[in-house]
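Participant: Counting from 65, one number per residue, gives the positions in the sequence shown under the working numbering.
Provided herewith is a single structure, encoded as structure tokens, for subsequent inquiry.
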Amino acid sequence: MDKFVIHGGRILRGTVRVGGSKNAALPMMAASLLLERGQRLLLRSVPDLADTRTMAELLTQLGVHVERDGHRLSLSVRDDRPVIAPYQIVRTMRASICVLGPLLARRGKAQVSLPGGCAIGSRPVDLHLRGLARLKARLTIDHGYIRAHATRLKGATTYLGGSFGSTVTGTGNLLMAATLAHGDTIIEHAAQEPEIQELARLLNAMGARVEGIGGHRLVIHGVDRLYGAEWTVMPDRIEAGTFMAAAAITGGDVTVENVRAEHMIAVLETLRQMGARVEESTFTVRVRGRPGRRLEPVDITTLPYPGFPTDLQAPFMAALTQARDISVITERIYPDRFSHAAELGRMGARITKQESTAIIVGVRRLSGAPVMASDLRGGAGLVLAGLAAKGCTEVRRVYHIQRGYEHLERRLSALGASIRRVADTATPALAAQTA
Ligand code: EPU
């Protein structure tokens, strides 16, 4: 296991290029399961991350031949009989659930391990199952697996709203399933996230007939088969937002390239309220912090798109520990997604949690400390805190961070940060205990 060693206090300056979106790439890769044998899906700009590698491994087990050439991924179906997504893979990546809809639609059967809870809280899949049941899938759960059957799915009207809004991967699953269903499917309260919009556009490029893209109501006219296609994965708005927060927390001047600013309205507005100067141009956003001046406090509520994304809550919490007054963050997607708050506390942050709200009293300077990442975005938040802290911060369990950020340490170093990735010499017994 590796850790990041960060010496804080450097001001970030320069240009960084954002890669393809993890959360767009994962369901797009799963869409290859909708193809007939011999058909090929070519995806460009697929980030090289632990999660995209895990999805590639799962698809390989499901009969897809996966070839990677840098950020290009070629996915062609060699064998359309396997239908099992095993626990060993699903437990390492919840997005594995994205194979359920396409397997069922194309192969008539699926056996997918139920994902459990995770470090960011309880994450049920009841809405995925409810939606597929509406399409006349027969579903049972036993021995920790979802077992699904359908000779051919049948179009129906489905409603995907839950207590915390719609479901992103649930919408993706149902959308993929409905493309090959008999008749028309309507998804009411569909997730509107840009990653889902892009998935729908890719499916249309493969021959699907999806209407209403970007709205709360998707209409899918089922077709008999889909075809191979080529597609470039959209830029990762969460990676972009993380670099922008890094610019703000260090009082730096960072130009983030390959950004779709229209996907980031809430984030850019929040940065402006925090006192950063934000300049947008086509595919580029420049964020300038205020060297020598503290950030302004803000109140943030995470919401489904186009609201402030929950995946940027931790990086922005890190930045707000440096504000000159009190900020409030309310988490409306994952009420328990605050494990980073206690670790930030070890660095001198003053954060009080009350149910799904965190109250952050800004401090003048954090102090470097050994801390532990317990999830991907929380880990990124700790790295940002380390960039601003006085002295040395060690962030352990960087494998969480590698799930979603490609070479984060190299790219921050190129902007002037002092960050190194080194082997964690914690004793094996201790490492095993905390894994
Ligand atoms: N929910 C249900 N029932 C369901 C599905 C979801 O109650 O059947 C609840 C969840 O517990 C949560 C809310 O609905 O409270 C939203 O969950 P959603 O299903 O939208 O999340 P997801 O699809 O599992 C994706 C991203 C997450 C991101 C969320 C919210 C992927 C692969 N993952 O998860 O990304 O936080 O949407 O935007 O797209 C990350 O990248 O670090 C990450 C966790």
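All C-beta atoms in this analysis are idealised placements derived from N, C-alpha and C, irrespective of residue type, glycine included.
Please read all numbers here as calculations on a predicted model, not as lab measurements.
Please find out if some non-hydrogen atom of ligand 2 comes closer than 6 Å to the beta-carbon of L90.
Facilitator: Annotation note on ligand 2: not contained in the displayed structure, which lists ligand 1 as its ligands.
Participant: Please report the straight-line C-alpha distance between A496 and V459, rounded to a whole angstrom.
Facilitator: With a pLDDT of only 40 at A496, under the threshold of 50, the placement of this residue in the model should not be trusted; the figure read from the coordinates follows. Straight across, the Cα-Cα distance linking A496 with V459 is about 17 Å.
Participant: Counting only runs of 4+ residues fully inside the region 162-221, write out the alpha helix (DSSP H) ranges in chain order.
Facilitator: 164-171 and 190-198
Participant: If I measure Cβ to Cβ from L440 and keep anything under 7 Å in the same chain, skipping five residues before and after, which residues do I get?
Facilitator: H464, I465, R467 and G468
Participant: Would K173 and V147 qualify as a contact pair, given that the criterion is a beta-carbon distance under 7 Å?
Facilitator: yes
Participant: Run the proximity test for H327: is its beta-carbon closer than 6 Å to any non-hydrogen atom belonging to ligand 1?
Facilitator: no
Participant: Which residues in the same chain as T498 place their Cβ atom closer than 6 Å to its Cβ, once the five residues preceding and following it in sequence are excluded?
Facilitator: Because the pLDDT of T498 is 36, which lies under 50, any placement of that residue in the model is unreliable, and the question is left without a value.
Participant: Can you look up E458 in the DSSP assignment and give me helix, strand or coil?
Facilitator: The DSSP-derived three-state label of E458 is strand.
Participant: What distance in whole Å lies between the Cβ atoms of V427 and L76, which are believed to be in contact at a cut-off of 8 Å?
Facilitator: Contact flag wrong, Cβ pair sits at about 20 Å.
Participant: Suppose the cutoff is 6 Å on Cβ atoms and the five residues either side in sequence are ignored; what does the same chain contact list for A382 look like?
Facilitator: G445, L448 and A449
Participant: On the CB-based measure, 16 or more other CB atoms within 10 Å of its CB, does A310 come out buried or exposed?
Facilitator: By the neighbour-count definition (other C-beta atoms within 10 Å, threshold 16), A310 is a buried residue.
Participant: Taking the Cβ atom as the reference point for each residue, do A241 and H280 lie within a distance shorter than 7 Å?
Facilitator: Not a contact, by the Cβ cut-off of 7 Å.
Participant: Exposed or buried, what is Q418 when buried is set at 16 or more other beta-carbons lying within 10 Å of its beta-carbon?
Facilitator: Exposed, since its Cβ has fewer than 16 Cβ neighbours within 10 Å.
Participant: By a C-beta neighbour count over all protein chains shown, 10 Å radius and 16 as the cutoff for buried, is R474 buried or exposed?
Facilitator: exposed
Participant: What do you reckon, are the CB atoms on D190 and D488 nearer than 7 Å?
Facilitator: A distance of 7 Å or more separates the beta carbons of D190 and D488.
Participant: So T243 and L98 are in contact, right, with Cβ under 8 Å, and what is the actual spacing, rounded?
Facilitator: 6 Å
Participant: When every heavy atom of ligand 1 is checked, does at least one fall within less than 6 Å of the C-beta of A159?
Facilitator: yes
Participant: Please state the DSSP three-state secondary structure of T156.
Facilitator: coil
Participant: Where do the ends of the beta strand (DSSP E) carrying P434 lie?
Facilitator: First-last of the beta strand (DSSP E) with P434: P434 to M436.
Participant: Output needed for I138: all residues of its chain with C-beta closer than 7 Å, excluding positions within five of it in sequence on either side, in chain order.
Facilitator: Just to set this straight, residue 138 is Ser in the shown sequence, not Ile. R104, L106 and E131, listed in sequence order.
Participant: May I ask you to verify whether the region 270-289 touches the region 319-329, counting CB pairs closer than 8 Å and requiring at least 3?
Facilitator: no
Participant: Among the candidates R101, Q152 and H135, whose CA atom is the shortest distance from the CA of G127?
Facilitator: The shortest Cα separation from G127 among R101, Q152 and H135 belongs to R101.
Participant: Quick one, which of Q386, T366 and F372 has its alpha-carbon nearest C353's?
Facilitator: The sequence shown places Gly at residue 353, not Cys. Of the listed residues, the one whose Cα sits closest to G353 is Q386.
Participant: Give me the Cβ distance between M298 and E262, rounded to the nearest whole Å; I'm assuming they're in contact under 8 Å.
Facilitator: That pair is a contact at about 5 Å.
Participant: Round the Cβ separation of A330 and P361 to the nearest angstrom and send it over; I've been treating them as touching at under 8 Å.
Facilitator: 17 Å between Cβ atoms; not a contact.
Participant: Looking only at DSSP bridge pairs, what is H327 linked to?
Facilitator: Partner(s): none; H327 has no beta bridge.
Participant: Span of the alpha helix (DSSP H) holding L440?
Facilitator: Residue range L440 to A452 is occupied by the alpha helix (DSSP H) that includes L440.
Participant: What would DSSP say about R336, mapped onto helix, strand or coil?
Facilitator: Judged by DSSP in its simplified three-state form, R336 adopts helix.
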